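Structure record follows, encoded as C-alpha cells.
There are 2 protein chains.
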Amino acid sequence: MKLDRELLKGATETIVLAALDRQPLHGYQLVEHLRTQSEGILALGEGTLYPLLYKLEANGLVRGRWEKSAGERRKRVYSLTRKGHRCLAERSAQWEQLVRGVTLILGGKSYA
Amino acid sequence: MKLDRELLKGATETIVLAALDRQPLHGYQLVEHLRTQSEGILALGEGTLYPLLYKLEANGLVRGRWEKSAGERRKRVYSLTRKGHRCLAERSAQWEQLVRGVTLILGGKSYA
DNA sequence: TGGTGATACCTCGTATAACAAAGTATACGC
DNA sequence: GCGTATACTTTGTTATACGAGGTATCACCA
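Residue numbers (our numbering), protein chains in the order written: chain A, 1 to 112; chain B, 113 to 224.
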C-alpha cells in the first residue's frame, strides 16, 4: 500500500531530524535509511529530501559538511545542531499530540 | 500547543469520514464535534471544513441533505455513503501505516 | 425595536510542502 | 569503454489547510 502523498506532510521534518539525531548521514544515505528503517513505509524521494535538508540547514537545525575520502564520491554529511535537537523535541511532541487527536476521533475502532 | 498547520494534511479527510460514520452531522456541528472529541487538539476552521465537505460529496463519499425544523436555521446534514465507508476503511489503514512508519523512525524514544 | 451574540453557511487568496522528472557527475566492475 | 550504483541539484506541478472576509437567521433582552 502506497501512502497518500499528502499524509506525510509536516511529519517529514520530524523523521529527518530524528534520523539525524541518532547518527550523521548524508542525503542519499538518508533516503535509504528512512526507507529501510520504516520497513518501506516512508519512501521519500531525493526531490523531497535534498531541498528539505537545505531548508533545515538554512534554519540552523542541521549542519552539513562536505566529506571526501580517497576513492569515494564527495558527499555532504548532515548532523543535528543543538537547535535542531530542541526542534526535534518540539515536533516530536506535536506528532504525539496529532496521533492522540486522530486516535480520539477514530476511537480505536477498526474500519478494516 | 497549537499543531503545525501542515501536520494534519491528508488526515483531515479521514477524521471527517470517521466522525460522520458514527452519526450524521452538519458542518458547523462537525467543527465543534471534532474540536471537543479530540480534546481541542484538532481545531479545524470552517474555511477548511466546508470546502472539504463539498469535495467529499462531489466524490460520492458523503451525502448532504438540507434540513429545516420550525424555529431553526436551515442546515445541511451530512452522512456517510457506502463508498465513503469503504474509503474510510482504506484511509484508516493508511493512517495506521503512517503512524507505524513514523514510530519506527522515532524509535519510541522520547525527545522531550 | 433594536442590539448583541450564537448559529450556520459560503468563498477567495495565500502559503507551503511533497513529489516526479530531468539533469550532472563520479566510482567501480566487467 | 560501458553500464550500474552512488550522490547531489533543480524545476514545475499539485494538493491542501488556513485565515479572513462575507451573508443570513434565530434567541434573548433591555
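Even glycine gets a Cβ: it sits at the ideal position worked out from N, Cα and C. Bear in mind that the values here come from a model prediction, so they are computed numbers and not experimental data.
For leucine 146/B versus leucine 192/B, is the C-beta distance shorter than 9 Å?
In this structure, leucine 192/B does not lie closer than 9 Å to leucine 146/B by Cβ.
Here's the rule I'm using: 16 or more other beta-carbon atoms within 10 Å means buried, otherwise exposed. How should tryptophan 95/A be labelled?
So tryptophan 95/A ends up on the buried side.
Buried or exposed: which applies to glycine 159/B, given that a residue is buried once 16 or more other Cβ atoms fall within 10 Å of its Cβ?
Classification of glycine 159/B: exposed, given that the 10 Å Cβ count is below 16.
Name the one or two DSSP bridge partners that glycine 64/A has.
Answer by DSSP bridge pairing, in chain order: Tyr78/A.
I'd like to know whether the C-beta of glutamine 206/B is nearer than 9 Å to at least one C-beta of chain A.
So, interface residue.
What residues from the region 135–162 of chain B come within 8 Å of chain A, judged by C-beta to C-beta, listed N to C?
Residues Leu146, Gln149, Ser150, Glu151, Ile153 and Leu154.
Going by other Cβ atoms of all chains shown within 10 Å of its Cβ, with 16 needed for buried, is glutamine 97/A buried or exposed?
Burial call: buried.
Do you know how far the Cα of arginine 91/A is from the Cα of aspartate 21/A?
Spanning the two alpha carbons is a distance of roughly 13 Å.
Mind checking which residues open and close the alpha helix (DSSP H) that includes arginine 117/B?
Note, arginine 117/B: premise wrong, no alpha helix (DSSP H); not H, not E.
Taking valine 214/B as the query, report the chain A residues whose CB atoms sit under 8 Å from its CB, ordered along the chain.
Near valine 214/B (Cβ distances below 8 Å), the residues of chain A are Ala11, Thr14, Ile15, Ser38, Leu42 and Trp95.
Hey, out of Arg82/A, Leu7/A, Ala19/A and Thr14/A, whose CA is closest to threonine 111/B's CA?
A question about residue 111/B goes unanswered here, because the residues of chain B that appear run from 113 up to 224.
Using the rule of at least 16 other Cβ atoms within 10 Å of the residue's Cβ for burial, across every protein chain shown, is glycine 219/B buried or exposed?
Looking at its Cβ environment, which holds fewer than 16 other Cβ atoms inside 10 Å, glycine 219/B is exposed.
Using a Cβ-Cβ cut-off of 9 Å, state whether arginine 82/A counts as contacting chain B.
Taking Cβ atoms only, chain B never reaches closer than 9 Å to arginine 82/A, which makes this a no.
Per DSSP, which one or two residues make a beta bridge with histidine 145/B?
Looking at the DSSP assignment, histidine 145/B forms no beta bridge with any residue, so it has no partner.
Relative to the C-alpha of threonine 215/B, which residue among Gly71/A, Leu42/A, Tyr28/A and Ala58/A is closest?
Cα-wise, what sits closest to threonine 215/B is Leu42/A.
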